[in-house]
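Novice:
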Amino acid sequence: MKILNKRIINDVGGIRITQLDIASADIAKKALPGQFVMLMVSEKGERIPLTLVNTDKIKGTVSLIFQEAGFTTQSLGKLNPGDSLYSLVGPLGHPTEIKKFGKIILVGGGVGIAEILPVACALKQAGNHVTTILGSRNKELLILEAELKSNSDEIYVMTDDGSYGKKGFTTDMLKELLSRDKYDLIYSVGPIPMMKRVAMVSKEYGIKTLVSLNALMVDATGMCGCCRVTVAGAVKFSCVDGPDFDGHGVDWDELEKRNKVYSLQEKHICKL
Amino acid sequence: MKKEPVKVREVSAQIRSGNFQEVVLGYSEEEALLEASRCLQCKNPVCSSGCPVGIDIKKFIFQVTQKDYQGAYFTIKEKNNFPSICGRVCPAEYQCRKACILTKKGSPFASEQAINIHFLERFVGDYGKNNNLEIKQEVNEKLSKFKVAVVGSGPAGLCCAGELARQGVKVDIFESLHKTGGVLRYGIPPFRLPWETLDFEIDYLKKIGVNFVTNYLVGKAKTIKELFSDGYSSIFLGLGAGVPSFLGINGENLCNIYSVNEFLTRVNLMSAYKFPEFHTPVNIGKHVLIVGGGNTAMDSARVALRLQKLKGYPLNTTIIYRRTEVEMPARRLEIEHAKEEGIKFEFLVQPKEFIGDDQGFVKKLTCLRSELGEPDSSGRRRPVIIDGSEFVLDCDLCVIAVGLKANQILINSTPELKTDKYSDVIVDAETMESSIKGVFAGGDIVGGEGTVIEAMGMAKKAAKSIIENFSKK
Chain H
15 MKILNKRIIN
25 DVGGIRITQL
35 DIASADIAKK
45 ALPGQFVMLM
55 VSEKGERIPL
65 TLVNTDKIKG
75 TVSLIFQEAG
85 FTTQSLGKLN
95 PGDSLYSLVG
105 PLGHPTEIKK
115 FGKIILVGGG
125 VGIAEILPVA
135 CALKQAGNHV
145 TTILGSRNKE
155 LLILEAELKS
165 NSDEIYVMTD
175 DGSYGKKGFT
185 TDMLKELLSR
195 DKYDLIYSVG
205 PIPMMKRVAM
215 VSKEYGIKTL
225 VSLNALMVDA
235 TGMCGCCRVT
245 VAGAVKFSCV
255 DGPDFDGHGV
265 DWDELEKRNK
275 VYSLQEKHIC
285 KL
Chain D
107 MKKEPVKVRE
117 VSAQIRSGNF
127 QEVVLGYSEE
137 EALLEASRCL
147 QCKNPVCSSG
157 CPVGIDIKKF
167 IFQVTQKDYQ
177 GAYFTIKEKN
187 NFPSICGRVC
197 PAEYQCRKAC
207 ILTKKGSPFA
217 SEQAINIHFL
227 ERFVGDYGKN
237 NNLEIKQEVN
247 EKLSKFKVAV
257 VGSGPAGLCC
267 AGELARQGVK
277 VDIFESLHKT
287 GGVLRYGIPP
297 FRLPWETLDF
307 EIDYLKKIGV
317 NFVTNYLVGK
327 AKTIKELFSD
337 GYSSIFLGLG
347 AGVPSFLGIN
357 GENLCNIYSV
367 NEFLTRVNLM
377 SAYKFPEFHT
387 PVNIGKHVLI
397 VGGGNTAMDS
407 ARVALRLQKL
417 KGYPLNTTII
427 YRRTEVEMPA
437 RRLEIEHAKE
447 EGIKFEFLVQ
457 PKEFIGDDQG
467 FVKKLTCLRS
477 ELGEPDSSGR
487 RRPVIIDGSE
497 FVLDCDLCVI
507 AVGLKANQIL
517 INSTPELKTD
527 KYSDVIVDAE
537 TMESSIKGVF
547 AGGDIVGGEG
557 TVIEAMGMAK
567 KAAKSIIENF
577 SKK
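Residue numbers (my numbering), protein chains in the order written: chain H, 15 to 286; chain D, 107 to 579.
Shown next as structure tokens:
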């Protein structure tokens, strides 16, 4: 659980995205794309889930990339090589299904871009034609473009302000691609509003869409039900039934509301 | 002259409802002697038959009357590894005390006159703890070459590990959480079972060589097969009944509706009642409803009440239960404690639908009233809904405490492990061995929701079979 490497991927306009490489031979050995870990920064800390971005079976390390958005991710960002996490358990959740689907579109937004990277690598290796759409507010905030480029057959960047790539949302590009060609699968990770729009667009075209959900969790072994989401009318636990779900069935409004259940406490603890 | 039962000392409801300190203070030596002297020392005692691990109750109580507390401690320890824990959490009124000759025949649970066996057990257990009385290891050279993996550090896992280690078997306990103890830590609140008591028992296991591996999820990080190839000769599964049941009614995913496991885990394991010193939050409401009638319902109600008090809210926590008080499976003591602390009860009520606000937070619960009909398969009278009885309760936080199911992570990763229709692991009732040779199981993963002492009973049986197998090798 020792941190071996730290890399600040981005630090602009108060938004900092950090990568930590952590020693954990057991997790590295078993982890597959799409799986996650639960971690605690300190004994008094909260348990938070983070997607595994990379694993090195030989070195026995796992890599996590996170935006320092809340109290716990900020505390995590303060750790340095040599420091240890208080707790790290994994790999958790079902891996993303990797096989030859044919033509795939990956849609990543914000720090979700980091989370589509392992899936992109695996799907590319499985012989798929991978088209990647990355979304970012502006040029400076865009991360991992080079890494995704080398794992994609085609790549498109969309920025809100047009400072890089094309101006617009990822879904603008998605619509464009879907209207002129046939695809077999869409996989998306990013902010809830983005994944929700991706699912809305792809539904019109009837293309299977997987999303990786970021529900709040406590134990992440199916014990508490904190992460319950409604998918196609049925209650599922993100931790053990997911984290990947059929985006067309997800009750996005419910997920968005449930993820804000502790927003008051979050504000309070961040001010301290 | 007939002696009256000795009441146990408790912190007053007024004081205790504002903190998470232990409620029951236990017997002093004098009180223990007085209570022990009430025991009739029956020629043919029936109390032990009510104990899932068969403690020689008559003997240990006699030893107490002789002030031979050390002897009493070892008498209990012969059968029960954790007297300080069981003396606090055993539902004695359904077990040894119900069997006690002083309980009126046909009573659904122990009469008040029955000997307070659990408080005496606790007194003796704490005496042992405070005087560092420990069972000596009887290391058997032959057994010390075997290594056993215990999966789960709850009551079953701890008990099995203790039994094995005492005889010299090497034991590694794998626990997926960051702290040991399982339900004793995440489920039972510290005001019923202080961490200090639990840690004492766990530290003893460490002393006799049990190795604890936390943050390790068997089934994901390693499979059963891989554990065997790592050199473990046997594996014991004490996985627990970790998956919460929900009601399956509309609105159940609204914010501030918790499963009992989530609510208790946040508060107990993660110390959310000390937020922001501890970083895990938990919400509390002004109109809290708890659905259910078991111990976890009582625990979460009493936790909720304490959170209300800490927050400065008027105390307003209500338990709604579909049958009546008599049918409640909770320990009678917890029901009494809950009442004393100001928890309200609504009996013969069934939830129908949660109603929320625009932000997705629960605001109301629509309910139906019922009456008791014919007995069902459990022997308890079935609640029957009364037509047109719908009514609405204010509810800004709800805890669903209606039962738990088996955790499926390890089971799903082990297809050759046979399970029953409840997804519980099927074992041989005598040996506790599962469908996989060398893999044993006990506790809630076998019997569904049971008690701590029942889990220990199964774990002891399993440990005995494991040792017998090793002795043959």
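Ideal placement from N, C-alpha and C gives every residue a C-beta, glycine not left out.
As the structure is a computational prediction, the values presented were derived from the model and not from experiment.
#1: Give every residue of the same chain whose Cβ lies closer than 7 Å to the Cβ of valine 152(D), excluding the five residues on either side of it in the sequence, and list them in chain order.
#2: With respect to the alpha helix (DSSP H) encompassing arginine 342(H), which residues constitute its N-terminal and C-terminal limits?
#3: In the stretch 96-117 of chain H, which residues sit with their C-beta less than 8 Å from some C-beta in chain D, listed in chain order?
#4: Could you tell me which of Asp260(H), Cys240(H), Cys284(H) and Ala229(H) sits nearest to valine 505(D), measuring between CA atoms?
#5: Using 9 Å as the limit for Cβ to Cβ distance, is lysine 58(H) near chain D?
#6: Can you give me the Cβ contacts of threonine 303(D) inside the same chain, cut-off strictly under 6 Å, excluding the 5 residues immediately before and after it?
#7: With 16 as the cutoff for other CB atoms within 10 Å, does proline 387(D) come out buried or exposed?
#8: Could you tell me the boundaries of the beta strand (DSSP E) in which isoleucine 130(H) lies?
#9: Is it true that the stretch 178-185 of chain H meets the stretch 143-157 of chain H, where meeting means three or more beta-carbon pairs spaced less than 8 Å apart?
#10: Can you grab the Cα-Cα spacing for the pair tyrosine 219(H) / glycine 247(H), in whole Å?
#11: Using the Cα positions of valine 289(D) and glutamate 136(D), report the straight-line distance between them to the nearest angstrom.
#12: Compare the Cα-Cα distances from lysine 16(H) to each of Val76(H), Gly48(H), Ile283(H) and Gly27(H) and report the closest residue.
#13: Taking cysteine 504(D) as part of the alpha helix (DSSP H), name the residues at either end of that continuous run.
#14: Relative to the ligand MN, is the shortest distance from any of its heavy atoms to the C-beta of methionine 172(H) smaller than 8 Å?
#15: At a Cβ cut of 7 Å, what residues of the stretch 33-46 of chain H count as close to chain D, listed as they run along the chain?
#16: Could you tell me the distance, in whole angstroms, from the CA atom of aspartate 526(D) to the CA atom of glutamine 514(D)?
#17: Between which two residues does the beta strand (DSSP E) holding glycine 122(H) run?
#18: If valine 170(D) sits next to alanine 138(D), beta carbons under 8 Å apart, how far is it from one beta carbon to the other, in whole angstroms?
#19: Would you report the Cα separation of methionine 564(D) and cysteine 265(D), rounded to the nearest angstrom?
#20: Distance cutoff 9 Å, beta carbons only. Does glycine 239(H) sit that close to anything in chain D?
#21: Using a Cβ cut-off of 7 Å, pull out every chain D residue sitting near lysine 20(H), in sequence order please.
#22: Give, in chain order, every unbroken run of the beta strand (DSSP E) that is at least 3 residues long and sits entirely within the stretch 313-389 of chain D.
#23: Isoleucine 31(H) bridges to which residues according to DSSP?
#24: Show which residues of chain H have a CB atom less than 8 Å away from the CB atom of lysine 326(D).
#25: Alpha carbon to alpha carbon, how far is tryptophan 266(H) from alanine 136(H)?
#26: On the DSSP bridge list, what partners appear for lysine 450(D)?
#27: Between Leu499(D), Ser541(D), Lys445(D) and Gly418(D), which has its C-alpha nearest proline 457(D)'s C-alpha?
#28: Tell me the residue span of the alpha helix (DSSP H) that contains aspartate 195(H).
#29: Taking valine 349(D) as the query, report the chain H residues whose CB atoms sit under 7 Å from its CB, ordered along the chain.
#30: So who's on the other strand from tyrosine 201(H), going by DSSP bridges?
#31: Going along the chain, which residues of its own chain have a beta-carbon closer than 7 Å to the beta-carbon of glutamine 176(D), five neighbours each way excluded?
#32: Residues of chain D with CB closer than 9 Å to the CB of valine 144(H), please, in chain order.
#33: Along chain D, in chain order, which residues have C-beta atoms closer than 7 Å to that of tyrosine 178(H)?
#34: Can you give me the start and stop residues for the alpha helix (DSSP H) that aspartate 267(H) sits inside?
#35: With DSSP collapsed to three states, give me the class of glutamine 172(D).
#36: In this structure, does DSSP put lysine 285(H) in helix, strand or coil?
Specialist: In terms of the structure at hand:
#1: For the purposes of this step, residue 152(D) is identified with residue 46 of the second sequence, where counting begins at 1. Excluding sequence neighbours, valine 152(D) sits near Ala205 and Ile207.
#2: Missing from the structure shown is residue 342(H); chain H here goes from 15 to 286 and no further.
#3: Those residues of the stretch 96-117 of chain H that come within reach of chain D (Cβ to Cβ, closer than 8 Å) are Tyr100, Ser101, Leu102, Val103, Gly104, Pro105 and Leu106.
#4: Walking along the second sequence from the start, residue 505(D) turns up at place 399. Of the candidates Asp260(H), Cys240(H), Cys284(H) and Ala229(H), the one whose C-alpha sits nearest the C-alpha of valine 505(D) is Cys240(H).
#5: Along the first sequence, read from residue 1 onward, the residue named residue 58(H) stands at position 44. Yes, contact with chain D.
#6: On the second sequence, residue 303(D) is found 197 positions in, with the first residue counted as 1. Result list for threonine 303(D): Ser190, in chain order.
#7: The sequence position of residue 387(D) within the second sequence is 281, counting from 1. When all chains shown are included, proline 387(D) counts as buried.
#8: Here the question's residue 130(H) lines up with position 116 in the first sequence. Run containing isoleucine 130(H): none in the beta strand (DSSP E); it sits in the alpha helix (DSSP H), 126-139.
#9: Using a C-beta cut-off of 8 Å, the stretch 178-185 of chain H makes contact with the stretch 143-157 of chain H, since at least three inter-stretch Cβ pairs fall below that distance.
#10: Translated into the one-based positions of the first sequence, residue 219(H) becomes position 205. Translated into the one-based positions of the first sequence, residue 247(H) becomes position 233. The straight-line gap from Cα to Cα measures roughly 22 Å.
#11: Translated into positions along the second sequence, residue 289(D) becomes position 183. Translated into positions along the second sequence, residue 136(D) becomes position 30. Approximately 33 Å, taken between the alpha carbons.
#12: Position 2 of the first sequence, counting from 1, holds the residue named residue 16(H). Of Val76(H), Gly48(H), Ile283(H) and Gly27(H), the residue nearest in Cα terms is Val76(H).
#13: Looking up residue 504(D) in the second sequence gives position 398. Taken as a continuous stretch (DSSP letters only), cysteine 504(D) belongs to no alpha helix (DSSP H), being part of the beta strand (DSSP E) at 503-506.
#14: The ligand MN is not part of this structure, which contains no ligands at all.
#15: Going along the stretch 33-46 of chain H in chain order, one finds Asp40, Ile41 and Lys44 with a Cβ nearer than 7 Å to chain D.
#16: By 1-based counting over the second sequence, the position of residue 526(D) is 420. By 1-based counting over the second sequence, the position of residue 514(D) is 408. Rounded to the nearest angstrom, the two C-alpha atoms are 12 Å apart.
#17: By 1-based counting over the first sequence, the position of residue 122(H) is 108. Unbroken beta strand (DSSP E) run through glycine 122(H): 117-123.
#18: The sequence position of residue 170(D) within the second sequence is 64, counting from 1. The sequence position of residue 138(D) within the second sequence is 32, counting from 1. Rounded, the Cβ-Cβ distance is 6 Å, consistent with contact.
#19: In the second sequence, residue 564(D) corresponds to position 458, counting from 1. In the second sequence, residue 265(D) corresponds to position 159, counting from 1. Using only the alpha carbons, I get a separation of about 9 Å.
#20: Residue 239(H) sits at position 225 when you count from the first residue of the first sequence. Judged by the 9 Å Cβ criterion, glycine 239(H) is in contact with chain D.
#21: For the purposes of this step, residue 20(H) is taken as residue 6 along the first sequence, with counting starting at 1. By Cβ distance, chain D contributes nothing, its closest Cβ being about 21 Å from lysine 20(H), past 7 Å.
#22: The stretch 313-389 of chain D contains these whole beta strand (DSSP E) runs: 317-319, 340-343 and 363-365.
#23: If you number the first sequence from 1, residue 31(H) lands on position 17. In DSSP, isoleucine 31(H) forms a bridge with Asn24(H) and Gln81(H).
#24: The residue labelled residue 326(D) in the question sits at position 220 within the second sequence. Correct list: Lys44, Gly104, Pro105 and Leu106.
#25: Within the first sequence, numbered from 1, the residue matching residue 266(H) stands at position 252. Within the first sequence, numbered from 1, the residue matching residue 136(H) stands at position 122. When rounded, the distance between both Cα atoms is 27 Å.
#26: As a working note, residue 450(D) is residue 344 in the second sequence. Partner(s): Thr424(D).
#27: For the purposes of this step, residue 457(D) is identified with residue 351 of the second sequence, where counting begins at 1. Out of Leu499(D), Ser541(D), Lys445(D) and Gly418(D), Leu499(D) has the C-alpha closest to the C-alpha of proline 457(D).
#28: Position 181 of the first sequence holds residue 195(H). Premise fails: aspartate 195(H) is in no alpha helix (DSSP H) and is neither H nor E.
#29: For the purposes of this step, residue 349(D) is taken as the residue at position 243 of the second sequence. Going along chain H in sequence order, the residues near valine 349(D) (Cβ under 7 Å) are Gly236 and Met237.
#30: Within the first sequence, the letter at position 187 stands for residue 201(H). When DSSP reads this structure, tyrosine 201(H) sits in a beta bridge with Leu120(H) and Leu224(H).
#31: By one-based count along the second sequence, residue 176(D) stands at place 70. Only residues of its own chain outside the window of five on either side were considered, and among them Leu239 have a CB closer than 7 Å to the CB of glutamine 176(D), listed in chain order.
#32: In the first sequence, the residue the question calls residue 144(H) occupies position 130. Listed along the chain, the chain D residues whose CB falls inside 9 Å of the CB of valine 144(H) amount to none; the nearest CB is some 28 Å away.
#33: Along the first sequence, read from residue 1 onward, the residue named residue 178(H) stands at position 164. Chain D residues near tyrosine 178(H): none, gap ~36 Å exceeds 7 Å.
#34: Within the first sequence, numbered from 1, the residue matching residue 267(H) stands at position 253. First-last of the alpha helix (DSSP H) with aspartate 267(H): 266-272.
#35: As a position in the second sequence, residue 172(D) is number 66, starting the count at 1. Of the three classes helix, strand and coil, the one that applies to glutamine 172(D) here is coil, per DSSP.
#36: Taking the first residue of the first sequence as position 1, residue 285(H) is located at position 271. Here lysine 285(H) sits in helix by DSSP.
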